[in-house]
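These notes are about the structure you will find just below.
In my numbering, the protein residues as written are -18 to 99.
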């Protein structure tokens, strides 16, 4: 995009990389100068990492068959969209299951007691 980040939140494996003076690097596990807001951002980074790992393994982000940098961007965007659609479908399935259970309870609750003759 041509825009350099102002802050970078990284793990301890990033220590050896050369970074310009314009970028502030926050390393996970550091204790000096870490405010509550920075801790929240580091925790958010830790929450996003497993999602990227799952997208690489299960969501086709691990290998790109599209050509060029535009293909790279499209592949990442489509993988993210697929991940979000799977999340939405999972929530809809849960909602339908809950609705079915509640409708079943209402129907059974309104039925007269049935006695089986032996």
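Even for Gly, the Cβ is constructed at its ideal location relative to N, Cα and C.
Next on the checklist: Once the 5 residues before and after residue 22 are set aside, which same chain residues still bring their CB inside 6 Å of it?
Outcome noted: -10
Item to check | Continuous alpha helix (DSSP H) stretch holding residue 32: start and end | outcome: 17 to 38
Next on the checklist: Less than 7 Å between the C-beta atoms of residue 60 and residue 40, yes or no?
Outcome noted: yes
Item to check | Expected contact under 8 Å - CB spacing of residue 56 and residue 66 to nearest Å | outcome: That belief does not hold up - the Cβ atoms of residue 56 and residue 66 are roughly 16 Å apart, past 8 Å.
Checklist entry - Among 34, 52, -16, 9, which has the Cα closest to the Cα of residue 24? => result 9
Item to check | Coil, strand or helix - residue 48 by DSSP | outcome: coil
Checklist entry - Thinking C-beta only, is residue 5 closer than 7 Å to residue -12? => result yes
Checklist entry - So what does DSSP say about residue 101, is it helix, strand or coil? => result Nothing in the structure corresponds to residue 101, since the chain is present only between -18 and 99.
Next on the checklist: Which residue marks the beginning of the beta strand (DSSP E) containing residue 6, and which one marks its end?
Outcome noted: 5 to 8
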